[in-house]
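Right, one structure below, let's go through it.
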Amino acid sequence: ETGVTQTPRHLVMGMTNKKSLKCEQHLGHNAMYWYKQSAKKPLELMFVYNFKEQTENNSVPSRFSPECPNSSHLFLHLHTLQPEDSALYLCASSQDRTGPYEQYFGPGTRLTVT
Amino acid sequence: GENVEQHPSTLSVQEGDSAVIKCTYSDSASNYFPWYKQELGKGPQLIIDIRSNVGEKKDQRIAVTLNKTAKHFSLHITETQPEDSAVYFCAANQAGTALIFGKGTTLSVSS
């Protein structure tokens, strides 16, 4: 266990659905991240939050909407997704963004868009 | 920006052999180089990291070496075991910037 939990672990959704992914870290960290992992591609950083403030948005389509209500919780709200959005979505946390510090990953949510 | 290349993409070894995975990076300002292991159905797990003020770091059967001049770093696993089979990722960054990952190496250890 890395101290980072993600729910749900698996999600199947249609293109017109709205769903949310949840991430929680129990490490006392102040920075949280969303990554997308697709087959045969490097991990793609999507969003970064540092002390609850969004500090990076790597040109992610607006159908992905992050939310960070506090330093321990991170959400990714999904709506009108496309089949190419099917991937493993990973959450990670680190001490903060001033590091570099070790990043700890959750187990991921396997998303399938039908 | 930073770019990280990782080789090989797949590596098959016999149990007990050594395995070496190599990465090169492009940004000379990068000073932090972690290695992650990802098993099936799990997220990446940090197994070892090195910072640019040292050239080598060891932790039991795994070691990482860094050549700042050539801008490459390597993961060495000795006495491989079947449970070492996984996908390994290298990454690089500097303070306040995103971790840039390599594409991964699938290591298979056969007994």
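Top line first, the protein sequences correspond to chains E and X. Sequential numbering of the first sequence, starting at 1, is according to this note's numbering. Sequential numbering of the second sequence, starting at 1001, is according to this note's numbering. Yeah, the Cβ is synthetic: ideal placement off N, Cα and C, and Gly gets one too. On a predicted model such as this, the values are computed, not experimentally measured, just so you know.
Contacts around F75(E), its chain only, beta-carbon distance under 6 angstroms, and the 5 residues preceding and following it disregarded: When the five nearest sequence neighbours on each side are left out, the beta carbons in the same chain lying within less than 6 angstroms of the beta carbon of F75(E) are those of S20, K22 and E67, in order along the chain.
Where DSSP assigns a beta bridge to D1021(X), which residues make up the other side? A small fix is needed here, since residue 1021(X) is Ile in this sequence, not Asp. DSSP output for I1021(X) lists L1075(X) as bridge partner(s).
Whole angstroms is fine: what's the gap from S1012(X)'s alpha carbon to E1083(X)'s? Distance between S1012(X) and E1083(X), taken at the CA atoms: about 13 angstroms.
Let's test the definition: count the other Cβ atoms within 10 Å of the Cβ of H77(E) and tell me whether it reaches 16, buried, or not, exposed. H77(E) is exposed by the Cβ-count criterion.
Closest to D1027(X) by C-alpha separation, out of T1097(X), E1056(X), P1008(X) and E1015(X), would be which residue? The residue with the shortest Cα to Cα distance from D1027(X) is T1097(X).
Close-in-space but distant-in-sequence residues of the same chain around H1145(X) (CB under 7 angstroms, 5 per side omitted): The structure shown does not extend to residue 1145(X), since chain X is modelled only from 1001 through 1111, so no value can be given for it.
Am I right that K1057(X) and I1050(X) are in contact with their C-beta atoms under 8 angstroms? What's the rounded C-beta distance? Contact between K1057(X) and I1050(X) holds: their C-beta atoms lie close to 5 angstroms from each other, under 8 angstroms.
Taking just the CA atoms, how far does T1069(X) sit from V4(E)? Between V4(E) and T1069(X), the C-alpha separation is close to 36 angstroms.
For R1051(X), write down the residues that DSSP places opposite it in a beta bridge. As computed with DSSP, R1051(X) is found in a beta bridge with Y1032(X).
Selection from E1002(X), L1040(X) and I1047(X) that minimises the alpha carbon distance to A1029(X): Per the C-alpha coordinates, the member of E1002(X), L1040(X) and I1047(X) positioned closest to A1029(X) is E1002(X).
Can you list, in chain order, the residues of its chain with a C-beta nearer than 6 angstroms to that of T1065(X)? Leave out the 5 residues immediately preceding and following it. Cβ within range, chain order: E1056 and S1074.
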